[in-house]
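**Student:** What follows is a single structure, and I will ask about it in a moment.
So, in structure tokens, the structure goes:
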């Protein structure tokens, strides 16, 4: 029996992530509503830590000390929109229990093109969520400890790596670790607001002394003095900055697969609790900030006021005024603020992998995003998010002020698409009380569309123009990925009649064991079987089951297509989503039965790829299997090349000229939404064709 060495990578992974979880434990990893709240609400709850400050950063340079008086007027429409979105997303949760939020709403009501735009905006928004939240957490930390301000990029990157590690360890573990600090932030903010308002009422709390920059405040009627257009422009800019408080409200509907049953009930509880908490904290903070005359720290450069990097935040100033500079409660507030901003990134770590998995299921993202890792997490999506967020943090030097302009555009675009999609659904289906639901979504559509225009126009010169390029480019990339998968599906699919007509029974006199790995009934599998029949008359088809439902569908198709061929099918169960382990165990047993001079051949397909980018769309399973089996003394690996694109055949563009973006990739894509309560562990489509399933995700 060949020794199975554990690689250094595997040993390190087990040390960092812990023991792997069986696929049967998936439901146990789902979130109850009381743990789902801190994970999924942290983004929206944490927004108050910088939303008010972003409003003031727009108003202060022109209004001076009078700016704080206009904050409630800017915040009022934001709060109204928050309430409308909360009720609207409760309807989305009810009608789209499979998750995906705006993507599934757009896909159902407008088609895949609109869905790709919604998905692109969400992907970009989630990456920005991590970058902005962790950069803001770093700012909160350096507010309490200014001596570390020059290390903010290093601190932010380190926080991303730690958050990534905790999420790779599983949702149950991360929810318990991150849940307590979220509740701690909610409590300490509530205490600060209540104590601050009581002290203001009793007259024991005085407004914060203004810095020299605000010593000569503008008059409170400044906006009327400068004219209506200038004043309106300033208020709209402030509104666009404050809209960062709305980010995260869509997170619950996007992460429906993460909730324990009953999913819809748990998700709606989280959504309503989220809206109530944000309303109280955001509204209370505005009242307190206005009463204390809080101002952001700014530097005068070239005669203009600009945000002071590494200075004390607005929340920190309110905490110091209410609790006292040396009070333990002040440091608890800062520590909790830093943690909640760190946890806001954790919302994206839950939502984006789920979204990428749904996109991969539909063929708009690489199939690797559907695979679950050691701890049943969608680890490839988690790693993608970490790399993208670190890139943004480094490029923008962990500056919240420079990242914020990119932040709200994507989320408002997804808001608008989802709201308008629900309006169309109400009109089309006319369910009970549909008029009330439609009116809410009509109001939401108008408000979010207006908000989208305002945010995009006001933030355009500050960096929002980048999204006008990035979102269409990402949508185009998704469309190209889908066309590629459709092309490959068309090239490898085969009818039952054609399969039986081109199958060649074995005429070989050899009787050594020849194992053909199969996971589909396709042209490449037919070639593998014919090749194996030429080598031996003792051929067995072996399938490693990573998904019981999918395996049952495959078994029925195999019985229908290949039952008359006389080749037996052996099913190997894999409890831990690992292909190589069960295969090695099977070969160990077979190798023990060999007599002197006998051997075993394992036949695999080696797909010939024309372009380097195609390797990112398909797993390298053949290489991993052949590498794992090289330690066997009496087992040979035979690689059979398969060209799915020949030189004289039509190009991919010609074959897919009539492709419909709604066209499913395979029969599995036609399953009901209930089967997608958790993203399936489907393989990349080329490996499906080859009859080879993927190995465990690369976490």
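Numbering (the numbering used here), first residue to last: 3 to 701. Every residue gets a Cβ at the ideal spot worked out from N, C-alpha and C, and that includes glycine.
Quick one: give me the first and last residue of the beta strand (DSSP E) that residue 609 is part of.
**Tutor:** 602-609
**Student:** Please list, in chain order, all residues of the same chain as residue 246 whose beta carbon is under 7 angstroms from its beta carbon, the five residues on each side excluded.
**Tutor:** 49, 52, 53, 56, 406, 409 and 410
**Student:** Can residue 607 and residue 528 be called in contact, C-beta distance under 8 angstroms?
**Tutor:** no
**Student:** Pick out the complete alpha helix (DSSP H) segments inside the stretch 458-522, 4 residues or longer, and give them in chain order.
**Tutor:** With a minimum length of 4 residues, the continuous alpha helix (DSSP H) runs that stay inside the stretch 458-522 are 467-494 and 498-504.
**Student:** Are residue 416 and residue 104 closer than 8 angstroms when you measure CB to CB?
**Tutor:** yes
**Student:** With distances taken Cα to Cα, identify the nearest neighbour of residue 39 among 171, 540, 276 and 146.
**Tutor:** 276
**Student:** By Cβ distance below 6 angstroms, which residues in the same chain neighbour residue 400 in space, the five residues on each side in sequence not counted?
**Tutor:** 137, 140, 154, 155 and 158
**Student:** Write down every uninterrupted run of the alpha helix (DSSP H) in the stretch 57-105 whose length is 4 residues or greater and which is fully enclosed by it, in chain order.
**Tutor:** 73-97
**Student:** Could you spell out the range, first to last residue, of the alpha helix (DSSP H) harbouring residue 36?
**Tutor:** 35-48
**Student:** Residues bridged to residue 584 by DSSP?
**Tutor:** Partner(s): none; residue 584 has no beta bridge.
**Student:** Rounded to a whole number of angstroms, what is the C-alpha to C-alpha distance between residue 298 and residue 488?
**Tutor:** 53 angstroms
**Student:** To which residues does DSSP link residue 704 through a beta bridge?
**Tutor:** In the structure as shown, the chain begins at 3 and stops at 701. Residue 704 is therefore absent and cannot be evaluated.
**Student:** Rounded to the nearest angstrom, what separates residue 64 and residue 340 at their Cα positions?
**Tutor:** If I take the Cα positions, the gap works out to 30 angstroms.
**Student:** For residue 597, tell me which candidate among 568, 515, 612 and 565 has the shortest Cα-Cα distance.
**Tutor:** 515
**Student:** Considering only their Cβ atoms, is the gap separating residue 412 from residue 123 smaller than 8 angstroms?
**Tutor:** Yes, these two residues count as a Cβ contact at 8 angstroms.
**Student:** Reducing DSSP to helix, strand and coil, say where residue 540 ends up.
**Tutor:** strand
**Student:** Are the Cβ atoms of residue 205 and residue 290 separated by less than 8 angstroms?
**Tutor:** no
**Student:** Using a Cβ-Cβ cut-off of 8 angstroms (strictly less than) and excluding sequence neighbours within five positions of residue 337, which residues of its own chain qualify?
**Tutor:** 146
**Student:** Closer than 8 angstroms is the cut-off here; do at least three beta carbon pairs connect the stretch 496-512 with the stretch 441-450?
**Tutor:** They do not touch, by the three-pair rule.
**Student:** If you reduce the DSSP assignment to three classes, tell me which class residue 419 lands in.
**Tutor:** Here residue 419 sits in helix by DSSP.
**Student:** Does DSSP classify residue 410 as helix, strand or coil?
**Tutor:** helix
**Student:** Which stretch, first to last residue, makes up the alpha helix (DSSP H) that contains residue 575?
**Tutor:** First-last for residue 575: 571-575, but that is the beta strand (DSSP E), not the alpha helix (DSSP H).
**Student:** Using a Cβ-Cβ cut-off of 6 angstroms (strictly less than) and excluding sequence neighbours within five positions of residue 486, which residues of its own chain qualify?
**Tutor:** none
**Student:** When burial is assigned at 16 or more other CB atoms within 10 Å of the CB, is residue 672 buried or exposed?
**Tutor:** For residue 672, the predicted model reports a pLDDT of 32, less than 50, meaning its position is unreliable and no value from the coordinates is stated.
**Student:** Going by other Cβ atoms of all chains shown within 10 Å of its Cβ, with 16 needed for buried, is residue 258 buried or exposed?
**Tutor:** buried
**Student:** Taking 6 angstroms as the limit between beta carbons, can you name the residues of its chain near residue 255, skipping five residues before and five after?
**Tutor:** Once the five neighbours on either side are set aside, the close Cβ partners of residue 255 are 91, 94, 95 and 103.
**Student:** On the criterion of 16 or more Cβ atoms from any shown chain inside 10 Å, does residue 345 qualify as buried, or is it exposed?
**Tutor:** buried
**Student:** Can you give me the Cβ contacts of residue 99 inside the same chain, cut-off strictly under 7 angstroms, excluding the 5 residues immediately before and after it?
**Tutor:** So the list reads 258, 265, 266 and 675, once near-sequence residues are dropped.
**Student:** For residue 612 and residue 636, which I take to be in contact (beta-carbon distance under 8 angstroms), what is that distance rounded to the nearest angstrom?
**Tutor:** Contact flag wrong, Cβ pair sits at about 36 angstroms.
**Student:** Under 8 angstroms: do the stretch 554-571 and the stretch 493-505 share three or more Cβ pairs, one atom per stretch?
**Tutor:** yes
**Student:** Once DSSP output is grouped into helix, strand and coil, what is the label at residue 567?
**Tutor:** Helix.
**Student:** Would you mind working out which of 354, 624, 618 and 615 sits nearest residue 609, comparing C-alpha positions?
**Tutor:** 624
**Student:** If the criterion is Cβ atoms closer than 8 angstroms, does the pair residue 170 and residue 379 meet it?
**Tutor:** yes
**Student:** Can you tell me the Cα-Cα spacing of residue 497 and residue 525, whole angstroms?
**Tutor:** Spanning the two alpha carbons is a distance of roughly 9 angstroms.
**Student:** For residue 668, does the three-state DSSP call read helix, strand or coil?
**Tutor:** Bear in mind that a pLDDT of 49 at residue 668, under 50, signals an unreliable position, so the model cannot answer this.
**Student:** Using three-state DSSP, classify residue 547 as helix, strand or coil.
**Tutor:** strand
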